[in-house]
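Trainee: One structure coming up, written as structure tokens, with questions to follow.
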Amino acid sequence: MNHTRVTHTVLSITAIYVVILVVWIAHIAPRSPQETVGWQMGGLIAAYAAALGAGMAWAQRPTRRDRRIMHEGLEGWATVAGVRAVEAKRHFGTSPTALTLDIIIPGMEPYSGTLVTDIAEGEEKLYAPGETIPVRVDPSNRDRIILRPP
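The sequence shown begins at 1 in full-length UniProt numbering and counts up one residue at a time.
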């Protein structure tokens with residue numbers, strides 16, 4: 001999960017909602033029939049909830065670069081050579097971890113690299129030293145790697 005992207009999405013939607021709410025309170029609600037104000041407020045809250053839901057769905061999508069690598073990237077394998085926790089604390093069920101990988105892409109010279117990624121709770125054994133993980137690599141920049149665990 002991209003926590004930064006989710007945070008920015010929630011903050012942006014909330015800021016827009018606050019502006020809409022201020023305009024509604026200052027200009028629309030005073031001119032509306034009293035019996036419709038409750039329905040209008042319910043509609044505003046429902047719209048906010050729908051916008052948050054759509055925004056969260058959008059924020060969970062892979063970035064454009066990651067989607068391009070998934071479709072056009074070179075397929076290969078990475079053997080986990082080392083695992084190191086970047087931070088001691090967990091973030092929403094994930095732990096930032098640095099993986100040292102030995103990467104093999106057919107037709108290319110094998111190389112090593114370090115990738116920092118969030119590993120979900122319970123998936124640590126998939127990334128244990130010696131494990132082999134399918135990867136996709138950007139053909140134009142082999143430092144851009146996407147892990148494709150089984």
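Just so you know, even glycine gets a beta-carbon here, dropped at the ideal spot from N, CA and C.
So for E75, helix, strand or coil by DSSP?
Mentor: Note: E75 maps to strand in three-state DSSP.
Trainee: For D138, which of L147, T132, E131 has the nearest alpha-carbon?
Mentor: When each option's Cα is compared against that of D138, the closest is L147.
Trainee: Would you be able to state if there are at least three C-beta pairs under 8 angstroms between the region 98 to 105 and the region 27 to 37?
Mentor: Not touching, per the Cβ criterion.
Trainee: Buried or exposed, going by whether 16 or more other CB atoms sit within 10 Å of the CB of V19?
Mentor: Exposed: under 16 other Cβ atoms inside 10 Å.
Trainee: So which of A54, T79, I119 has the shortest CA-CA distance to E87?
Mentor: The residue with the shortest Cα to Cα distance from E87 is I119.
Trainee: What would DSSP say about I103, mapped onto helix, strand or coil?
Mentor: The answer is strand: DSSP assigns I103 an E or B state.
Trainee: Which same chain residues end up closer than 6 angstroms to T132 when comparing Cβ atoms and leaving out the 5 residues on each side of it in sequence?
Mentor: Contacts found: W77, T79.
Trainee: Does A98 come out as helix, strand or coil in the three-state DSSP assignment?
Mentor: Here A98 sits in strand by DSSP.
Trainee: Does DSSP classify G113 as helix, strand or coil?
Mentor: Reduced to three states, the DSSP call for G113 is strand.
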